[in-house]
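Numbering (full-length UniProt numbering), first residue to last: 1 to 383.
Yeah, the Cβ is synthetic: ideal placement off N, Cα and C, and Gly gets one too.
Notes follow once the structure below has been shown.
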């Protein structure tokens, strides 16, 4: 049981399951009920309630009530390693699938808090755990996104305005313009620093300038360490691409591999991926066009390596074109990260870091949430 003083928020996720027989349906419901909480330590599932049960077609609709809590207050008793492509055999059955529609109320509230913090607006609901950032001016750079007019497509700037962002954070102000010039970058920036917009805006602008078409294949790949972070990045990407013709997609462990293959075959301009599933498709999905790749983004590189994806990353880099722009973001620089930098970046990248004096890179009590307001996920059961 989670101690009550650690609980930050409560939420409910709605699921549906389908199988060929009753045993398979029970397995599917149990698997999916656990799936949403197994890969990150700050999600806790409480109850599962079956709303509809059809024993003729073997379908079920159910809800999972859960809690998320402050990771800084949580004592991690074990060192959990991720299930990676190299240490697990995956046996997928195409006739079993899961549909997940995640309720967006909690996410919307948290996204509004994040926007208000970035824009220096203190009038919104106060988080239960105060952030360590006391001086908002030290978190913001003084630059605004309107200053990118003429350098960034108007449709992209309009999308940023619709999302509610006006002022840039330090990492955004330092990195966006050099990235728009095509430079490689090595950035020290932790979760909460605004790095997602810092790498998405230049990457999208690059493809818009090239008038990228679906038949060109994948132009940008964003590698994230976990499913949750991938979903969050994909949600921000979805909003930024509104009004453009660029296609986008998400591939990650636990999802329907066949459906991913079909989308990759049609062409995904901007792709968000977890390392294991990306390597799987690079090795086994022939219609996956990556020969025209223009930009590779490695997000939270230290975390990717810490949870066991070192071999996968080495193999991924061997498959990708050498001539490309590369952006690597990492909270810390370990020997493993330094080795990845040598393998992935060109010889003279721009190096930048967020000022540590204000601790803007680490927001105490920050909660990662999956941004799922506009899309529907299908997960393939692993049996």
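Do residue j and residue i have their beta-carbon atoms positioned less than 8 Å apart in this structure?
i           : j           : result
residue 62  : residue 51  : yes
residue 172 : residue 207 : no
residue 329 : residue 310 : no
residue 343 : residue 317 : yes
residue 156 : residue 205 : yes
residue 184 : residue 352 : no
residue 406 : residue 176 : The structure shown does not extend to residue 406, since the chain is modelled only from 1 to 383, so the question has no answer here.
residue 275 : residue 327 : no
residue 238 : residue 267 : no
residue 187 : residue 195 : yes
residue 271 : residue 220 : yes
residue 25  : residue 65  : no
residue 214 : residue 269 : yes
residue 295 : residue 315 : no
residue 290 : residue 192 : no
residue 331 : residue 174 : no
residue 354 : residue 302 : no
residue 297 : residue 145 : no
residue 287 : residue 273 : no
residue 261 : residue 226 : no
Start and end of the beta strand (DSSP E) containing residue i?
i           : result
residue 187 : 185-188
residue 347 : No beta strand (DSSP E) contains residue 347, which DSSP labels as neither H nor E.
residue 354 : Careful: residue 354 lies outside any beta strand (DSSP E) and carries neither H nor E.
With DSSP as the reference, please indicate the residues paired to residue i in a beta bridge.
i           : result
residue 167 : 144
residue 248 : 270
residue 199 : Answer by DSSP bridge pairing: none, since residue 199 is not bridged.
residue 149 : 152
residue 59  : 18 and 54
residue 220 : 270 and 295
residue 47  : 65
Ends of the alpha helix (DSSP H) at residue i?
i           : result
residue 230 : 227-240
Is any heavy atom in the ligand SAM found nearer than 7 Å to the beta carbon of residue i?
i           : result
residue 266 : Within the structure as shown, the ligand SAM is missing, as the structure has no ligands at all.
When the Cβ atoms of the stretch 255-266 are set against those of the stretch 233-245, are three or more pairs found closer than 8 Å?
no
Continuous alpha helix (DSSP H) assignments of at least 4 residues falling wholly in the stretch 282-345: 301-306, 310-319 and 335-344
*Indicate whether the contact test is met: 3 or more Cβ pairs, each with one atom in the stretch 275-294 and one in the stretch 241-255, closer than 8 Å.*
yes
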